[in-house]
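Residue numbers (this note's numbering): 1282 to 1411.
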């Protein structure tokens, strides 16, 4: 794959995200790196799909993403509502995910007792970098 092809993929993704935000879509990222899968992320994803089907949630975009870098907090999801800072939730199970779904994803009220961070992570400097 060429650099130009990678740039086109990136631009396409950014355009799609802008359209989702403009439409008011809530994005839920289920982190499914190796550690997430081992900790139960597939079950978390399935629970979210089931709840979305129950209420016919058309404005929720459920995505599978890779590792978020916090293995000890798996399984994790990140909820992003347009106009608000993303909230990352960790050490989840089906019960907690259902609470998050109805309170935060549908209702806009984060479940702070399950949240592990709010906002975007900042890139870290590598050791020895200028």
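Glycine included, C-beta positions come from ideal geometry on N, C-alpha and C.
Considering only their Cβ atoms, is the gap separating residue 1373 from residue 1391 smaller than 8 Å? no
In the DSSP assignment, what residue or residues form a beta bridge with residue 1370? 1358 and 1396
Start and end residues, alpha helix (DSSP H) containing residue 1312: Here residue 1312 belongs to no alpha helix (DSSP H); instead the beta strand (DSSP E) covers 1307-1312.
Between the C-alpha atoms of residue 1333 and residue 1293, what's the straight-line distance to the nearest angstrom? 26 Å
Expressed to the nearest angstrom, what Euclidean distance is found between the alpha-carbon atoms of residue 1379 and residue 1289? 36 Å
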